[in-house]
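Listed in order, the protein sequences are those of chains A and B.
So for the first sequence, the numbering used here puts the first residue at 1; every next one is plus one.
So for the second sequence, the numbering used here puts the first residue at 1; every next one is plus one.
Backbone N, C-alpha and C define an ideal beta-carbon position, used for all residues, glycine too.
Here the structure comes first, spelled out in C-alpha cells, and everything after it is commentary.
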Amino acid sequence: MESELEGPACVTVLDLDPRERVLGTWAGQNSLAVVNVSDRKEGPRRPSGHQFPQSTAVQQVQWASCLWNDVTRRLVNQSHGFFMDLREGGGGRTDDQKKLIRCSRFYRCALRECVGSLSDMASDQTLPPAKMKEHSEQAEMYSMMELVWGLCEPLFLEVLPHGCLVQQLMEWVNWNKGEATTALVREVASCSLQPEQHNKFWPLVYRLVLQGRMKPAVDLLSTHSFAQTSPKVIASMSELLKKVPMVRSTGSHSRMELQRCWYDWRAECTRRLNAGEYVSLPQLHLLCCLLRGDEEAFCDSRVIEACETWYELMVGRILFTTPLVVSGDYDLQLIAESCVELYGGNRGSLEQILLAALKSDMLGLIKLCSSLISNWWFIAHLTDLLHLGGMLVVSQMEYGARLSEFLLQEYACSLLADQSLWEVAMDYFNHCPTRGRNYMSLCMERVPLVSYQDAIKALSLCYRLQLKEEAQGIYRVLAMRACRRNQLSVALQWCLRAKDAAFAGYIAERYFESYEHTGELKDLDLLDGLDSTLVLSDKLTFLGLSFPVPQSPIATCKVF
Amino acid sequence: LLIMSSSGGAKAAKMKYVGCKLSQVKWRPQLPGCLECSDTLATGSKSHTENHVTFWRFPPPHEEMEGDTWLGEDGPTVMEPSLLCSVKTCSSVLALSFLDPVRIAASLCNGTVQLFTTHPSAASGREVQCWPGLHTGPCATLSSAASLVFTGGEDGRINVLKVGEEDPVRTIEQADSSIISALHYSDPTQQLISTNLLQQLKLWDLRSAGNTPAQTFSMGLSVDSPLVGLLCVSRHPSQPHLVATGCADGSLCFWDLRKGRGPHSIAKAHSSVVWDVQFHSSYPNNLFSCSEDGSLWHWDTSQAMDPSSSLSPWLSGAFVKGKVAATNYLPHNRRAVNSLDIESSHLVCVTDGGALVTVDNLSLK
Chain A
1 MESELEGPAC VTVLDLDPRE RVLGTWAGQN SLAVVNVSDR KEGPRRPSGH
51 QFPQSTAVQQ VQWASCLWND VTRRLVNQSH GFFMDLREGG GGRTDDQKKL
101 IRCSRFYRCA LRECVGSLSD MASDQTLPPA KMKEHSEQAE MYSMMELVWG
151 LCEPLFLEVL PHGCLVQQLM EWVNWNKGEA TTALVREVAS CSLQPEQHNK
201 FWPLVYRLVL QGRMKPAVDL LSTHSFAQTS PKVIASMSEL LKKVPMVRST
251 GSHSRMELQR CWYDWRAECT RRLNAGEYVS LPQLHLLCCL LRGDEEAFCD
301 SRVIEACETW YELMVGRILF TTPLVVSGDY DLQLIAESCV ELYGGNRGSL
351 EQILLAALKS DMLGLIKLCS SLISNWWFIA HLTDLLHLGG MLVVSQMEYG
401 ARLSEFLLQE YACSLLADQS LWEVAMDYFN HCPTRGRNYM SLCMERVPLV
451 SYQDAIKALS LCYRLQLKEE AQGIYRVLAM RACRRNQLSV ALQWCLRAKD
501 AAFAGYIAER YFESYEHTGE LKDLDLLDGL DSTLVLSDKL TFLGLSFPVP
551 QSPIATCKVF
Chain B
1 LLIMSSSGGA KAAKMKYVGC KLSQVKWRPQ LPGCLECSDT LATGSKSHTE
51 NHVTFWRFPP PHEEMEGDTW LGEDGPTVME PSLLCSVKTC SSVLALSFLD
101 PVRIAASLCN GTVQLFTTHP SAASGREVQC WPGLHTGPCA TLSSAASLVF
151 TGGEDGRINV LKVGEEDPVR TIEQADSSII SALHYSDPTQ QLISTNLLQQ
201 LKLWDLRSAG NTPAQTFSMG LSVDSPLVGL LCVSRHPSQP HLVATGCADG
251 SLCFWDLRKG RGPHSIAKAH SSVVWDVQFH SSYPNNLFSC SEDGSLWHWD
301 TSQAMDPSSS LSPWLSGAFV KGKVAATNYL PHNRRAVNSL DIESSHLVCV
351 TDGGALVTVD NLSLK
C-alpha cells in the first residue's frame with residue numbers, strides 16, 4: 001500500500017468535545033488514550049495545580065489494527081521459526097551462503113502461502129465487503145513483496161556462474177506470470193477455429209519466447225496452418241528456437257565459450273533472416289528480429305502489447321541482447337528504464353523499487369521499501385539476510401549492522417500491536433545487540449499476566465533472556481495477587497524469589513494475624529528449607545523461629 | 001504450508017499453522033460401537049481478541065495411503081488436519097475435556113466453564129450450558145466423567161458441576177491454599193487428584209462429605225528453583241496407584257499413592273516447564289511429555305520390563321538404569337508446546353506459535 005505524504009491523517013473521535021481541552025497519552029504500541037479536560041475550575045485546586053477532569057470517559061484511538069490477522073500471524077510465526085533457525089540453528093556460520101539461500105526460499109514459500117490465503121479471503125463472499133476489501137489490499141501488498149523478493153534473491157543473495165542470472169530472471173517471471181500464460185496457451189490451443197485466427201495467437205508466441213519457454217512456443221507454432229502448407233518455414237523457426245543457448249545453472253562455462261555460442265547463434269538468425277526465409281509470415285520475421293536482439297523489434301507495438309508488464313519485456317530483452325549480464329551491470333538499469341518508458345513511464349512504488357534493485361542500489365532499495373510498504377516484515381527480513389551475507393558493507397563499517405538492527409527493531413515493535421505476538425517480538429529484540437535489551441525490559445513490564453500460565457511463561461522467558469530485574473517485578477505482581485486471595489504460602493514463595501524484604505515482613509505479619517484469628521498456622525511445612533532466606537526480614541526470622549517446621553518428605557525420594 | 005521436522009530415524013512431525021496461539025488439544029472419544037480409533041480432535045485457542053474451540057479431522061478418511069500422502073479425490077495430497085467446525089468461547093481456553101463423543105467442556109480464563117455439543121460428525125457445534133463466575137480468577141483446569149464436570153481454579157476452589165443444573169452440586173471452598181493447576185477424576189473409585197503450585201498432590205475421596213483431602217503428598221519447595229509448581233497429572237491406566245506429574249522446573253515426578261508422603265522418584269526430563277504429561281491408555285509403558293522448551297518427548301520403558309517383578313518399570317527405576325528409550329519428535333522447535341494427546345498411534349500437540357503438530361504411526365509396545 002502506498003503512503004505518499006499527503007498531510008497528517010485526521011480521525012474524528014466521537015464523544016470528544018473539540019471545544020474543551022484534550023489530553024492524550026500513549027496506550028500501547030498503536031493506540032492513544034484521549035480524554036476531555038475542562039478549563040473550568042471544579043472545587044478547590046490540588047496543591048500541585050492539577051485540575052479535575054470534567055468527563056471521565058477515556059477514548060482509545062487505534063490504528064493499523066488490521067495489520068495482524070490470522071493469515072499474517074501465520075506468516076509471522078513461520079518466518080520467526082526460519083529466522084531463529086538461521087540465527088541460532090548452529091551447524092556452521094550464519095553467513096554461509098547456502099543457509100542464507102535456503103532461508104530466503106523458506107521466507108518466499110511462507111509469503112506465497114500468505115498471498116494465496118489472503119486472495120482466497122478477498123473473494124470469500126461470506127465476509128462483509130469491508131473485510132473483503134481489506135484482505136484484497138493486503139493481498140496486493142504481499143504479492144508486491146513477493147515479486148520484489150523474487151528479484152532480490154538472484155540479484156543479491158546468490159553468487160551465480162556466467163549466464164545464470166538471466167535464467168534466474170526468467171524463472172522469476174515464470175514464478176509470477178507463468179500460470180496465467182499457461183492458461184492462455186490452453187485457451188488458444190483449444191480454440192475451435194484455426195489457432196492462428198485467434199487474436200491472441202501471435203502475442204502469445206512472442207510472450208512465450210520472451211519468457212524463455214521455447215518448447216511451448218514451438219508446440220504452439222506447430223499448430224499453425226503453415227505447418228502443413230509450407231512446413232519449411234515453421235521448421236526453420238522451430239529449429240532456431242530449440243537452439244537458443246540456454247545455460248544450465250549446474251554447469252559452468254567460461255564467458256568466452258558462452259559468448260561464442262551466442263555469437264554463432266545470432267549469426268545463424270541473421271543469415272536466415274537475410275535469406276528471406278520468413279518473408280511469407282511477417283510475424284515470424286518480427287520474431288526473428290527479436291531473437292537476433294534488434295532494438296527496434298523490442299520497441300514494436302505488437303511486442304509491447306504481448307507482454308502484460310514491463311518486466312516481462314525487460315527479461316526477454318536481456319535474454320536476447322545481453323544474456324551474459326551479471327548483477328550490477330549498467331545494462332540492466334538501461335534496459336529496465338527503457339522498458340518502463342515503453343509501458344507509459346509510470347513510476348509507481350513497484351517500478352521505483354524494482355528499478356532500485358536492478359541498479360544494485362541496496363540502500364536506496366531499503367529506503368524506498370521502508371517508506372512505500374506499510375509493513376516492516378519484508379524489509380526487516382530481507383535486510384537481515386543481506387547483512388548476514390555481507391552485502392551491506394559500506395564505507396562506514398558498522399552502518400549495515402545498525403541499519404539491519406533498526407529494521408528488526410521496528411518490525412518487532414510493530415508486532416507488539418498484537419498482544420499474542422509479544423514473545424516473537426522479544427526474540428527479535430534479543431538479536432538487536434545495541435538497543436534490544438532496553439526494548440525487552442520495557443516490553444516485559446507491559447506483558448499482560450492474566451493467568452498463572454502467562455506468568456510462568458513470562459518468567460521462563462525472563463530467565464532464558466537473562467532479564468533478572470524484570471523477573472523480580474513479575475514475582476512481586478504474583479505475590480501481591482496471592483496476598484489478595486489470602487494464599488499466604490504462595491505469596492511468600494514468590495516474595496522470597498523477588499528478594500523483597502519489606503514485602504516478606506508484610507506477609508509474616510499476615511501470618512501472625514491469621515494465627516491470631518484462627519489459632520493455628522496452616523501450611524507451615526511449606527516453609528521448610530527456607531533457613532537461609534528467613535534472614536530476609538526480621539519478622540520472617542521470628543516466624544521461622546517461633547514455630548517448629550516438620551521434616552520435608554523430599555529427603556526419602558530418589559532423584560535421577 | 002506444512003513443515004516437516006524429524007530427528008534422525010524417528011517419525012516426522014508435521015506442523016500445521018493456524019492463526020492464533022493454541023493452548024489445549026484433545027482427541028474426541030470414539031462413538032459407541034465404533035472399533036476404529038478416533039479421527040476427530042478439538043483444540044482450544046488462547047488469544048486476547050476472539051477465542052474458539054475448533055474441531056479437526058485427522059487422519060483423513062481415505063483408505064489408500066502411500067507413506068505420508070493419501071490419494072484423495074483430487075490426487076495425492078499430504079495428510080494434514082482439516083477444519084470441521086469452530087465454536088466461539090467468551091475467553092481464552094485453559095482446559096478442555098470431552099464428557100462423551102458429542103459434548104465437550106471448556107474452562108476459561110474469566111472463571112467460566114462452557115459446555116458445547118456437536119453433531120456426531122462434528123460438522124457443527126453450539127453452546128448448551130454456561131456456568132459463569134465459578135471462580136474468582138481463571139478456571140485453570142477441569143476433568144470430567146459422564147455428566148459431571150470438576151473444575152479447579154486459581155482461587156483454590158474445587159467445584160463439581162452437573163450437566164443441566166445451574167449451580168454447582170458441590171463446592172469445596174478453600175480446597176487449596178494455592179492455585180490448583182491440574183485435576184484428574186477416576187470414575188470407578190470416585191477419586192479426584194489435584195495438584196497445586198506449592199508442589200503438593202492431594203487425593204480427594206468424593207464419596208465423603210468433608211472439605212479436606214483424604215491424603216496429601218508434598219514435594220517440598222526449594223528457593224533455588226525460580227519456578228515452582230506441579231502443573232499436570234496423569235494416572236497409569238492399569239495401576240491406579242501410580243501417578244506421573246510434570247513440574248515447573250522441568251522434571252517428571254512419579255508418585256506411589258499407596259505409600260510415602262512424597263514422590264517416589266524424580267527424573268530431570270526437560271530444560272523448562274513441563275506443561276502436559278500423559279500415559280498411553282493402551283500401552284502404559286509409554287509416557288509422553290511436552291514442555292515450554294519446545295520439546296515433545298516419548299518415554300518408552302518397554303525394554304525395562306522385568307517379567308519376574310510385578311513392579312511397574314516406572315517405579316523400579318527404569319530411568320536410572322538407562323533403559324528408557326527417549327525420542328524427541330520436535331528437535332528443532334522453539335515455541336512452547338502447551339498440550340498433547342495420544343490416541344492409538346497418533347500423537348498431537350499444540351504450540352504457542354499456533355501450530356497443530358501431528359505425529360502418526362508411532363511404534364508402541
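Query, Result
"From the DSSP secondary-structure annotation, give me the bridge partner or partners of SER86/B.", "THR54/B"
"Is the Cβ-Cβ distance between SER404/A and LEU392/A less than 8 Å?", "yes"
"Taking 8 Å as the CB-CB cut-off, is TRP70/B touching chain A?", "Because the pLDDT at TRP70/B is just 48, under 50, the model does not fix this residue reliably, and the value given afterwards should be weighed accordingly. Judged by the 8 Å Cβ criterion, TRP70/B is not in contact with chain A."
"In chain C, which residues lie less than 8 Å from ASP85/A when you measure between Cβ atoms?", "Included in the structure are the protein chains A and B, with no chain C among them."
"Could you tell me whether the Cβ atoms of ASN174/A and GLN211/A are closer together than 8 Å?", "yes"
"Kindly say whether ILE179/B, judged by its beta-carbon, lies nearer than 8 Å to any beta-carbon of chain A.", "yes"
"Of all Cβ atoms in chain B, is any one closer than 8 Å to the Cβ of GLY544/A?", "no"
"Indicate the three-state DSSP secondary structure (helix, strand or coil) for VAL205/A in the structure shown.", "helix"
"Under a three-way DSSP split, which group does CYS483/A fall into?", "helix"
"Check the Cβ-Cβ distances between THR541/A and every residue of chain B, and say whether any is below 8 Å.", "no"
"Can you check whether the C-beta of PRO226/B is within less than 8 Å of a C-beta belonging to chain A?", "yes"
"Step through the CB atoms of chain A and report whether any lies within less than 8 Å of the CB of GLY33/B.", "no"
"Using the C-alpha atoms, what's the distance from PRO195/A back to MET246/A?", "28 Å"
"For a quick check, are the C-beta atoms of VAL102/B and PRO81/B less than 8 Å apart?", "no"
"Starting from LEU459/A, find everything on chain B with Cβ-Cβ shorter than 7 Å and list it in chain order.", "PRO226 and LEU227"
"So for HIS184/B, helix, strand or coil by DSSP?", "strand"
"Within 10 angstroms of its Cβ, does GLN167/B collect 16 or more other Cβ (buried), or is it exposed?", "Just to set this straight, residue 167/B is Asp in the shown sequence, not Gln. Burial call: exposed."
"So, for VAL18/B: in the same chain, excluding its five sequence neighbours on each side, which residues have a beta-carbon less than 7 Å away from its beta-carbon?", "GLY354 and LEU356"
"Check for me: the alpha helix (DSSP H) holding ASP70/A runs from which residue to which?", "70-88"
"Within the 8 Å Cβ cut-off, does SER420/A reach chain B?", "yes"
"Could you have a look at GLY24/A and say whether DSSP puts it in helix, strand or coil?", "strand"
"Do we get a CB-CB distance below 8 Å when we pair SER451/A with the residues of chain B?", "yes"
"Check whether chain A comes within 8 Å of ASP360/B, counting only Cβ atoms and requiring the distance to be less than that.", "no"
"Just mark CYS288/A as buried or exposed, buried being the case when its beta carbon has 16 or more other beta carbons within 10 Å.", "buried"
"What do you get for SER178/B, buried or exposed, if any count of 16 or more other CB atoms within 10 angstroms of its CB means buried?", "buried"
"Please report the distance separating the alpha-carbon of LEU449/A from that of GLN239/B.", "38 Å"
"According to DSSP, TRP255/B sits in a beta bridge with which residue or residues?", "VAL243/B"
"Can you list, in chain order, the residues of its chain whose CB lies under 6 Å from that of GLY49/A, leaving out five sequence neighbours each side?", "Residue placement at GLY49/A is flagged as unreliable, the pLDDT there being 47, under the threshold of 50; a coordinate-derived value is accordingly withheld."
"Could you work out which residue in HIS280/B, LEU330/B, TYR283/B and GLY294/B is closest to VAL337/B when comparing CA atoms only?", "GLY294/B"
"Label CYS37/B either buried or exposed according to how many other C-beta atoms from any shown protein chain fall within 10 Å of its C-beta, with 16 as the threshold for buried.", "exposed"
"By Cβ distance below 8 Å, which residues in the same chain neighbour ARG21/A in space, the five residues on each side in sequence not counted?", "ASN36, VAL37, SER38 and ASP39"
"Could you pull out every unbroken alpha helix (DSSP H) segment of at least 4 residues lying fully inside the segment 411-474 of chain A, listed in chain order?", "422-430, 436-445 and 452-464"
"With DSSP as the reference, label GLU127/B as helix, strand or coil.", "strand"
"For GLN487/A, would you say it is in contact with chain B, using Cβ-to-Cβ distances shorter than 8 Å as the test?", "yes"
"Quick check: the Cα distance between LEU5/A and LYS367/A, rounded to an integer number of angstroms?", "With a pLDDT of 49 at LEU5/A, under the threshold of 50, the modelled position of that residue is not reliable, and the figure given next carries that caveat. Looking at the two C-alpha atoms, the distance is approximately 15 Å."
"Does MET256/A pass the burial test, meaning 16 or more other C-beta atoms within 10 Å, or should it be called exposed?", "exposed"
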